[in-house]
């Protein structure tokens, strides 16, 4: 009840520590939603079960990635970054109030859209290809309107996060000497680093913000742009839904389906090929420097690569439209193939720089954060080339919308690459956020690592094999066509679920049930300290 | 023309080899990082790696463009005159095929012109063993045409390859296209 050796005391936490831990706990609970949903779908892919209708299956398929990205990943990442930016800049967060609203909107918004999908079976999929979101012969407009409202709340919460991050970087805390706000923002966004590339060593300007803060700032630009795109898209769909609720059938051909598709993928790639890759690279750099206590290898190039990644993320979307015959060939080749290939370079650079930084500090102890970091690096090393292969005019013709895309590319990138990086950050930050709580069991942490790594890679591999045999994503097969692959993927999914349950149990036992409840009790100490004063 | 099965086989071999190499490299790294030893990383290694990635990223598309025959044909399809053309409509989650059965001779260049009357769908041809021959997206309000040269006789099914709501999973037309040996139709 009281946690390992009674070391964790929730009442000793600062307001900032509590808020960060709340983000993490909620993110992990939503991750559990996602894993359970994933397992349900894995079972249905093997054999249809009565309690899950086809409509329910596709509602789960719609909610699954959105809960994973917004409810889980956004929550954990935002909680961690709202703590880390002030921690690394040695100044308080700009606004606790905004951060609390950020937390509330992400948590509530995710629950609302998940519940709306669960009850009403609103299932246009996360791709929302027009005019499907407004097809009220298949979906209920009331359920859909509540679904969209939930997404909109998440986007407003995301905007609050972005404002808080940039304000924290630039503002002058009360009683401090005036901070050079514009220069700090310039450094965070990369203008200083970019200029340094063309200057002699002696004339290079000093970086005012650390590299991880720069990565967070640049990823936040994509968070803001994406929130704007999804809010606009949601509003458009909402107009059609309200029209249908009031009995007016709006003409869905008023929106061009291909233009909408371009618009949607431009926005969505700001997540998939933008902020995820930028945040992940920044987190790798942070973890590598904190684990080793050394400077980052090739720091200036790492900064430039982050800036390049930001620009790439704005111009890369067309690789999702290589199978759209009306998409101009110019966009297919330049944006879809060539710009996408840059991701091999930017992610490859981050991969090498992180490994080189670790190598320079050998011998290192194989801590939990180090082993999960290596797992995360491996995940992206496997998933990025798989993505580059499908972003090819020739290969896309036989890979698009198969299980290859969603297996070796999407799930390996998210489950192995991104999630293991997040686990590494959680293990690293746990003592800082809990004022020295001791992990309940190292054996459980080791089991979590192996179950997650093997489960994630295995599931992606078997899905990929089915994809190469023609199995499509987003569909169901009824005659056992790909049964063997789906059974093997189910077994690997089971490993992921067991791994997560072991991790969750380990964390609860570390903090104690009382401790976990204490994290959600009102904070007594309302000052802006990040960690308790000595 | 090379069959898509062969292209997938080549891709499988290449990606599997890569996976094996990267797994071995990461295992080696994880073992060595915990042991004392030489720790300096030569910047030349870094720049060589960047150069390698650049060459790889650019050459992948050049290689596929020159080895996967449908890539070039697809990008230049409006300049090529097909031997046959089939117009197919899609509406209410149903493929509306031409009245006559679609029969093609091996070696013929064929265009499938698919028009959606309502939602975004997909159009894919699948072999008897469920493997995919090719696919494209079918977007309403736009022309969706795919040019293909069949290299083997066979009977193919049509399946929608894009999610269009729960009703979309039933969008399968078995044995919709028949490819017969060269010269069969002219006999």
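Protein chains in written order, with my numbering: chain F, 12 to 545; chain B, 110 to 296. Just so you know, even glycine gets a beta-carbon here, dropped at the ideal spot from N, CA and C. Keep in mind the model is a prediction, meaning the values are calculated, not measured.
| Item | Value |
| --- | --- |
| Could you work out which residues of chain B lie near residue 413 (chain F), taking near to mean beta carbons separated by less than 9 Å? | 241, 244 and 270 |
| Tell me which residues share the same chain as residue 357 (chain F) and place their Cβ nearer than 6 Å to its Cβ, disregarding the 5 neighbours each side in the sequence. | 316, 319 and 320 |
| Provide the residue(s) that pair with residue 148 (chain F) in DSSP beta bridges, ordered along the chain. | Note: residue 148 (chain F) sits in no beta bridge, so no partner. |
| Which of the three DSSP states is assigned to residue 207 (chain F) in this structure? | helix |
| Who are the neighbours of residue 284 (chain B) on chain F, taking C-beta pairs under 8 Å? | Ordered by position in chain F, no residue passes the 8 Å Cβ test against residue 284 (chain B), which lies about 15 Å from the chain. |
| Starting from residue 148 (chain B), find everything on chain F with Cβ-Cβ shorter than 8 Å and list it in chain order. | 370, 371, 372 and 373 |
| May I have a chain-ordered list of the alpha helix (DSSP H) segments no shorter than 4 residues that lie completely inside the segment 95 to 145 of chain F? | 107 to 131 |
| Going by other Cβ atoms of all chains shown within 10 Å of its Cβ, with 16 needed for buried, is residue 238 (chain B) buried or exposed? | exposed |
| Looking at the unbroken beta strand (DSSP E) that takes in residue 29 (chain F), where does it start and where does it end? | Counting along the chain, residue 29 (chain F) falls outside any beta strand (DSSP E), though it belongs to the alpha helix (DSSP H) covering 26 to 57. |
| Can you list the alpha helix (DSSP H) stretches of 4 or more residues lying completely in the segment 385 to 453 of chain F, in chain order? | 404 to 410 and 430 to 444 |
| How would you list, in chain order, the residues of chain B whose beta-carbon sits under 8 Å from the beta-carbon of residue 348 (chain F)? | 170 |
| How about residue 422 (chain F) and residue 471 (chain F): are their beta carbons less than 8 Å apart? | yes |
| Could you please tell me which residues of the segment 440 to 463 of chain F, in chain order, have their CB closer than 7 Å to any CB of chain B? | none |
| Mapping the DSSP letters down to three states, classify residue 284 (chain F) as helix, strand or coil. | helix |
| Out of F:382, F:51 and F:483, which has the shortest C-alpha to C-alpha gap to residue 433 (chain F)? | F:382 |
| Apply the 10 Å Cβ neighbour rule to residue 261 (chain B) and answer buried if 16 or more other Cβ atoms are within range, or exposed otherwise. | exposed |
| Does the CB of residue 336 (chain F) have a neighbour CB from chain B at under 8 Å? | yes |
| Could you give the C-beta distance for residue 7 (chain F) and residue 248 (chain B), rounded to a whole number, given that I count them as a contact under 8 Å? | This structure does not reach residue 7 (chain F), given that chain F is present from 12 up to 545, and the question cannot be answered. |
| Contact criterion: CB-CB distance below 8 Å. Does residue 195 (chain B) meet it with respect to chain F? | no |
| With DSSP as the reference, label residue 268 (chain B) as helix, strand or coil. | strand |
| Please classify residue 131 (chain F) as buried or exposed, where buried requires at least 16 other C-beta atoms within 10 Å of its C-beta. | buried |
| Give a yes or no on whether the C-beta atoms belonging to residue 84 (chain F) and residue 389 (chain F) are separated by under 8 Å. | no |
| Verify the CB distance criterion: does residue 128 (chain B) have a CB-CB separation below 8 Å to chain F? | yes |
| Report the neighbours of residue 174 (chain B) on chain F: residues whose CB is nearer than 8 Å to its CB, in chain order. | 404 and 405 |
| Should residue 186 (chain F) go down as buried or exposed, given a rule of 16 or more other Cβ atoms within 10 Å for buried? | exposed |
| Apart from the five residues just before and just after residue 221 (chain F), which ones in its own chain have a Cβ nearer than 6 Å to its Cβ? | 99 |
| In or out: residue 166 (chain B) buried (at least 16 other Cβ within 10 Å) or exposed? | buried |
| Is any beta-carbon of chain F found at less than 8 Å from that of residue 276 (chain B)? | yes |
| Distance check for residue 326 (chain F) and residue 272 (chain F), CA to CA, integer angstroms please. | 15 Å |
| What does DSSP give as the partner residue(s) for residue 158 (chain F) in the beta ladder? | According to DSSP, which records beta bridges pairwise, residue 158 (chain F) is partnered with nothing at all. |
| For residue 393 (chain F), count neighbouring C-beta atoms within 10 Å of its own C-beta (all shown protein chains included) and say buried if the count is 16 or more, exposed if not. | buried |
| Using 8 Å for Cβ pairs, my map puts residue 219 (chain B) next to residue 195 (chain B). What's the rounded Cβ distance? | 7 Å |
| Could you name the residues of the segment 47 to 63 of chain F whose beta carbon sits closer than 8 Å to any beta carbon of chain B, in the order they occur along the chain? | none |
| Strictly below 7 Å CB to CB, what residues from chain F border residue 137 (chain B)? | Near residue 137 (chain B) there are no residues of chain F at all, since even the closest Cβ is about 11 Å away, more than 7 Å. |
| Is it buried or exposed, residue 128 (chain B), if we count other Cβ atoms within 10 angstroms and call 16 or more buried? | buried |
| Specify, as a first and last residue, the run of the alpha helix (DSSP H) that residue 529 (chain F) falls within. | 524 to 530 |
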